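Residue numbers (our numbering): 6 to 200.
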């Protein structure tokens, strides 16, 4: 998906103007400064069942995410699909709820343990999605394991920021997005396997 040299498998969300991403020393970097137009970076292809792996690191105070099974009907990718949270757990500028921490299914399932590394160090993420089941892995530890569209999932959604969006999290296939949430995150070794 990303070999350190080009973004041929990716495009800006809704094909918006975007100057927030650059490739440098084999890393895909979401820039913090000198950005006029921000947009999430999404895959050109849609995926239903997959195993995604990638390495990522955040600058101090940075916040981002990997959104999956997303569509382009909203202002941003996170408004349609679940988000694997990527954040500076230890150095974010205000206290975080557990459901906001790295590895969480954002605003739905908090990580079962906190295993992210300090800002500036690379973390390894795996996201495994098959049918109604998803697993979030971080640095070799399974930190979230859940099923979509169950009574438990419905109850969590009803208490989340997505409660008024009937379509959120309902798609069985969609784009994978790297969130542009103000920059300060780098990615490398992005790989995907269809299941």
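The beta-carbon is built from N, C-alpha and C at its ideal position, and this holds for glycine as well. In this text, all values refer to a predicted model and were calculated from it rather than measured experimentally.
Closest by C-alpha distance to residue 50, out of 134, 39, 15 and 135, is 15. Going by beta carbons, residue 55 and residue 120 fall outside the 8 Å limit. Taking a cut-off of 8 Å on C-beta distances, the region 63-81 touches the region 125-133, as three or more cross pairs fall below it.
Per the coordinates, the alpha-carbon of residue 192 lies some 5 Å from the alpha-carbon of residue 33. Residue 162 carries a helical assignment under DSSP once its states are collapsed to helix, strand and coil. Looking at the DSSP output, residue 16 sits in a beta bridge with 47. Taking each of 173, 164 and 112 in turn and checking the Cα distance to residue 78, the smallest one comes out for 173. Counting only runs of 3 or more residues that sit fully inside the region 112-184, the beta strand (DSSP E) segments are 128-135, 138-143, 146-152 and 180-183, in chain order. Distance from the CA atom of residue 114 to the CA atom of residue 153, rounded to whole angstroms, is 11 Å.
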